[in-house]
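Colleague:
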Amino acid sequence: MKVIKTVEEMQSWSETVQLRGETVGLVPTMGYFHQGHLSLMETAKAMCDHLVVSLFVNPTQFGENEDLDAYPMDLDRDFKLAGEKGASVVFAPPREEIYPARFQTSVELASLPLHLCGLKRPVHFGGVATVVTKLFNIVRPGVAVFGAKDFQQLQVIRQLVKDLNFNIRIVGNPIVREADGLAMSSRNVYLSPDERASALGLSRSLELAERLIQEGERDAASLRAKVADLITGFDHTAMEYVTLCDPETLEDVDRVTAPVLVALAVKVGTTRLIDNRVIDPAQ
Ligand code: AMP
39 MKVIKTVEEM QSWSETVQLR GETVGLVPTM GYFHQGHLSL METAKAMCDH
89 LVVSLFVNPT QFGENEDLDA YPMDLDRDFK LAGEKGASVV FAPPREEIYP
139 ARFQTSVELA SLPLHLCGLK RPVHFGGVAT VVTKLFNIVR PGVAVFGAKD
189 FQQLQVIRQL VKDLNFNIRI VGNPIVREAD GLAMSSRNVY LSPDERASAL
239 GLSRSLELAE RLIQEGERDA ASLRAKVADL ITGFDHTAME YVTLCDPETL
289 EDVDRVTAPV LVALAVKVGT TRLIDNRVID PAQ
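Right, here's the structure in full:
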């Protein structure tokens, strides 16, 4: 496995293998791998001749008071894990390689970022869309794999691929969870043992929403209140949002009449966690 740090070398590696007729699958990440990341690598590797994993903690998707400088990192472990998953390349550029002096272009979406996490994180999806556009142009993959854990991000990327005519197949992978239900996240390392116990409220509340919908509850306001009550019943939690919305447009719904995305963001201590589930009332 090669570690590539420059845009030029990454583009030329990709061009060389594709001239030989070999296919490239990309998994974009910010590193500090867990089983969620590894599942995306397995998917991309199964679909393509070459797996390229990008590892870049993208500063433009962090707001001013967010955890950019504290973001967990263990490059040697990540390189080893990506190698074990059969990666041909880990693309791990320094910041100035992606954002050189006088960098001034960004990719912004009009409406998808106006929902869910975009409300509290106004610069986030512009940063994501810009860096993913750059990664697509640098790595030139035929397939790129993302996790449904970041559901809104996945929708943003599907939309930008469509809008900007990237010839890339976007694959969404299901959320990988710990045995007790907590969605895996690089940020889970910030949690104290007490907070780790409280973080279980997120997945529990999604199970509750699913059960209530299966039992016939259709009113979004009532479902939101019950989900929020369950979560805030745990210590150290502060609800940022609980939303029931259309999984495509992310527009809020008042009643559950079709598959609905139940999405949550919760502060547990100082750590912001997200989780979601698509629930089909017909099942
Ligand atoms: P990150 O390194 O947090 O930016 O995540 C990189 C990719 O891994 C994104 O596509 C995430 O949606 C995905 N991912 C993160 N956590 C999980 C998880 N628990 N299950 C599945 N995919 C995940």
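If you want this note's numbering, it's the position in the sequence shown, counting the first as 1, plus 38.
Glycine included, every Cβ here is placed at the ideal spot set by N, Cα and C.
1. With the cut-off set at 7 Å, would you say Leu-154 and Thr-281 are in Cβ contact?
2. Would you check if the distance between the CB atom of Leu-220 and the CB atom of Val-304 is smaller than 7 Å?
3. Could you pull out every residue in the same chain whose Cβ sits closer than 6 Å to the Cβ of Phe-272, ignoring the five residues on either side in sequence?
4. Phe-117 by DSSP, collapsed to three states: which one?
5. Taking 8 Å as the threshold, find out whether the segment 135-145 comes into contact with the segment 53-61 through three or more Cβ pairs.
6. Using only CA atoms, which one of Met-85, Arg-207, Arg-242 and Gly-210 lies nearest to Leu-302?
7. Relative to ligand 1, is the shortest distance from any of its heavy atoms to the C-beta of Lys-172 smaller than 6 Å?
8. At which residues does the beta strand (DSSP E) containing His-162 begin and terminate?
9. Taking 6 Å as the cut-off, does the CB of Gly-74 come closer than this to any heavy atom belonging to ligand 1?
10. Which residues bound the beta strand (DSSP E) around Ser-92?
11. Using the Cα positions of Glu-278 and Ala-120, report the straight-line distance between them to the nearest angstrom.
12. By DSSP, does Thr-81 sit in helix, in strand, or in coil?
13. Between which two residues does the alpha helix (DSSP H) holding Met-48 run?
14. Given this structure, state the Cα-to-Cα distance separating Pro-131 from Glu-104, to the nearest angstrom.
15. Examine ligand 1 and report whether any of its heavy atoms sits within less than 6 Å of the Cβ of Phe-184.
16. Here's a check: name, in chain order, each residue in its chain whose Cβ is nearer than 7 Å to the Cβ of Lys-246, leaving out the five neighbours to either side.
17. Is Met-68 near ligand 1, with its Cβ less than 6 Å from a heavy atom?
Modeller: Checking against the coordinates, here is how it stands:
1. What you label residue 154 is simply residue 116 of the sequence shown in a count that begins at 1. What you label residue 281 is simply residue 243 of the sequence shown in a count that begins at 1. Yes. Within cutoff.
2. The count along the sequence shown starts at 1 and reaches residue 220 at position 182. The count along the sequence shown starts at 1 and reaches residue 304 at position 266. Going by C-beta atoms, Leu-220 is not nearer than 7 Å to Val-304.
3. Locating residue 272 in the sequence shown gives position 234, counting from the first residue. Within the same chain, Phe-272 has close Cβ partners Ser-236 and Gly-239.
4. Mapped onto the sequence shown, residue 117 falls at position 79. Correct three-state label for Phe-117: helix.
5. No contact exists between the segment 135-145 and the segment 53-61.
6. For the purposes of this step, residue 302 is identified with residue 264 of the sequence shown, where counting begins at 1. The shortest C-alpha separation from Leu-302 is found at Arg-242.
7. Residue 172 sits at position 134 when you count from the first residue of the sequence shown. For ligand 1, not one heavy atom lies less than 6 Å from the Cβ of Lys-172.
8. Position 124 of the sequence shown, counted from the start, is the residue given in the question as residue 162. No beta strand (DSSP E) contains His-162, which is instead part of the alpha helix (DSSP H) from 162-177.
9. As a first step, residue 74 is located in the sequence shown; it is residue number 36 there, counting from the start. At least one heavy atom of ligand 1 is nearer than 6 Å to the Cβ of Gly-74, so yes.
10. Within the sequence shown, numbered from 1, the residue matching residue 92 stands at position 54. Residues 88-93.
11. The residue you call residue 278 lines up with position 240 of the sequence shown. The residue you call residue 120 lines up with position 82 of the sequence shown. Rounded to the nearest angstrom, the two C-alpha atoms are 34 Å apart.
12. On the sequence shown, residue 81 is found 43 positions in, with the first residue counted as 1. Here Thr-81 sits in helix by DSSP.
13. As a position in the sequence shown, residue 48 is number 10, starting the count at 1. It spans 45-57 - the alpha helix (DSSP H) in which Met-48 sits, taken as one unbroken run.
14. By 1-based counting over the sequence shown, the position of residue 131 is 93. By 1-based counting over the sequence shown, the position of residue 104 is 66. When rounded, the distance between both Cα atoms is 22 Å.
15. Taking the first residue of the sequence shown as 1, we reach residue 184 at position 146. Correct: Phe-184 has its Cβ closer than 6 Å to ligand 1.
16. In the sequence shown, counting from the first residue as 1, residue 246 sits at position 208. Looking at the sequence provided, one finds Leu at residue 246 rather than Lys. Excluding positions up to five away in sequence, the list reads Lys-264, Val-265 and Leu-268.
17. For this step, residue 68 is matched to residue 30 along the sequence shown. Met-68: yes, Cβ under 6 Å from ligand 1.
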